[in-house]
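Taken in order, these protein sequences are the chains called A and B. When we follow the working numbering, the leftmost residue of the first sequence carries the number 3, and every step to the right adds one. When we follow the working numbering, the leftmost residue of the second sequence carries the number 13, and every step to the right adds one. Beneath this line is the structure, given in structure tokens, with notes to follow.
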Amino acid sequence: MSTDFPGDGGFSEPALDCLVRALTAGPTADELVTEDAALARFRSSARRPSRRLPYARRAALAAAAVAVTLVGSTAAAYAAVLPAPVQHVAHRFLDRIGVPGVHRARHPDDVGHAHDVRHAHHGPGVQHAALSPEVRWVTGASS
Amino acid sequence: MLTLCNHADAMGNEGDSFDDVLARARSGDEAGFLQLWRELHPRLLRYLQVLSREDADDVASETWLQVVRDLHRFHGGADEFRCWLFAIGRHRAIDAARAGARLRGRLTAADVDWVPDDHLVEDQVLDYLSTRRAVALVAGLSPDQAEAVALRVIAGLDTAAVARLLGKSSGAVRIALHRGLRALAADPRLRGLQEVDR
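Listed below in structure tokens is the structure:
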């Protein structure tokens, strides 16, 4: 403890010495009357298991959660099963980071419903190409 | 002659074994916690009595509750622990004051003129009376001076620690401490305390 009381060596007044002696005196009986209560609180606190996980374990769990989310989102984007606006953003992102085969996946504007996508790419267009001019005239399909 | 510095140093001398006691308390050892509590609770209570007389016991209980709860997070030695304890006590006292109690419900003249119980032996009476009177005298200072004196003398913190705790400069704390001690030295009631202590 530094001697930083005013006057370097402390006050020399006997009255102040007396005051300090009183302020720093040993405990009185009434000051220790709550000892049992304090001990009881300490016991209950010591018995109560901590619900908080250790820091390292919390960090590992958080990292695992982030990794699973990232992998899942990327896979979903690559498979083009995300809602159209999200898929559009995902495609742009995957394009930018150079993920191969993104263009071979379904076009983002077509996604949202796999059945519709297939129908849009291979349904009417393919059928129209295969139809003869006569059949096209019968069915009323335009060229 | 016993000086202020001797008192402050005396409180810091338990540092050698304090780390062991603290480590035991942190590991859940009741004896270690009790030793810690017996060492510091009376000082904490006196400091809180300087701040607020009415709810000092309640505030002290809340302080120890938080200490027990957060003990596993504490890192440091004896001085840091004392500083941590009194900082918690101060914050809880401020919370209590905000909750409606007056922060400076000072000890009144009736407390200074306290009449002891008959069953206490004479030495106990004298110690109790002088301690209560001394706390009452410190509480009678201006708020800044009272807290500086209480933290420096009762809590045993050094000036830098007091300054950090109060959010003031060391110079401001030294001035408050100096003026507070000067005011106490000039207080005629201090002579009565001196007579009781003899």
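Glycine residues also receive a C-beta, built at the ideal position from the N, C-alpha and C atoms.
Asked, Found
"Under three-state DSSP, which class holds A/I99?", "coil"
"At a Cβ threshold of 9 angstroms, is B/R104 touching chain A?", "no"
"At a Cβ threshold of 9 angstroms, is B/P54 touching chain A?", "yes"
"At a CB distance below 9 angstroms, what residues from the stretch 62-74 of chain B approach chain A? Give them in sequence order.", "D69, A72, S73"
"For B/D31, collect the residues of the same chain with a Cβ closer than 8 angstroms to its Cβ; drop the 5 residues on either side in sequence, then sort them by chain order.", "G89, A90"
"So, is the C-beta of B/E42 closer than 9 angstroms to a C-beta in chain A?", "yes"
"Do you know how far the Cα of B/A37 is from the Cα of B/Y9?", "As shown, chain B starts at 13 and ends at 210. That puts residue 9 of chain B outside it, with no answer to give."
"Hey, could you find the ends of the alpha helix (DSSP H) B/D67 is sitting in?", "Neither: B/D67 is in no alpha helix (DSSP H) and is coded neither H nor E."
"Which residues bound the alpha helix (DSSP H) around B/T171?", "171-178"
"Counting only the same chain and skipping the five closest in sequence on each side, list residues whose C-beta sits under 7 angstroms from that of B/G44.", "V33, R36, A37"
"For B/G101, which of helix, strand or coil comes out of DSSP?", "helix"
"Counting only beta-carbon atoms, is A/T26 nearer than 9 angstroms to chain B?", "yes"
"Output needed for B/Q157: all residues of its chain with C-beta closer than 8 angstroms, excluding positions within five of it in sequence on either side, in chain order.", "A188, L189, R191, G192, A195"
"Return yes when the Cβ of B/L63 is within less than 9 angstroms of the Cβ of B/A99, no when it is not.", "no"
"Just by C-beta distance, which residues in the stretch 153-166 of chain B are closer than 7 angstroms to chain A?", "V165, I166"
"Please state if the CB of A/L63 and the CB of A/A79 are separated by a distance shorter than 9 angstroms.", "no"
"Could you check whether A/A27 and B/T143 sit closer than 9 angstroms to each other, using their CB atoms as the reference points?", "yes"
"So, is the C-beta of B/W96 closer than 9 angstroms to a C-beta in chain A?", "no"
"Do you know offhand how far A/I99's Cα is from A/V73's?", "15 angstroms"
"Could you spell out the range, first to last residue, of the alpha helix (DSSP H) harbouring B/E159?", "155-161"
"Against chain B, does A/F44 count as a neighbour if the rule is that its beta carbon must be under 9 angstroms from one of theirs?", "yes"
"For a test of the three-state rule: what should DSSP assign to B/L34, helix, strand or coil?", "helix"
"Provide the residue span of the alpha helix (DSSP H) that contains A/V83, from first to last.", "From DSSP, A/V83 is part of no alpha helix (DSSP H); its letter is neither H nor E."
"What are the boundary residues of the alpha helix (DSSP H) that B/R194 is part of?", "182-197"
"Answer yes or no: does any C-beta atom of chain B fall closer than 9 angstroms to that of A/A40?", "yes"
"Would you mind giving the Cβ-Cβ distance between A/T30 and B/S73, rounded to the nearest angstrom? I have them listed as a contact below 8 angstroms.", "Going by Cβ atoms, the distance from A/T30 to B/S73 rounds to 17 angstroms, so no, they are not a contact pair."
"9 angstroms is my cut-off, CB to CB: does B/R145 come that close to chain A?", "yes"
"Any beta carbon of chain A sitting closer than 9 angstroms to that of B/L149?", "yes"
"Do B/L97 and B/L56 come within 9 angstroms of each other at the CB atom, strictly closer than that value?", "yes"
"Please state whether the Cβ-Cβ distance between B/V185 and A/S47 is less than 9 angstroms.", "no"
"Reducing DSSP to helix, strand and coil, say where B/T143 ends up.", "helix"
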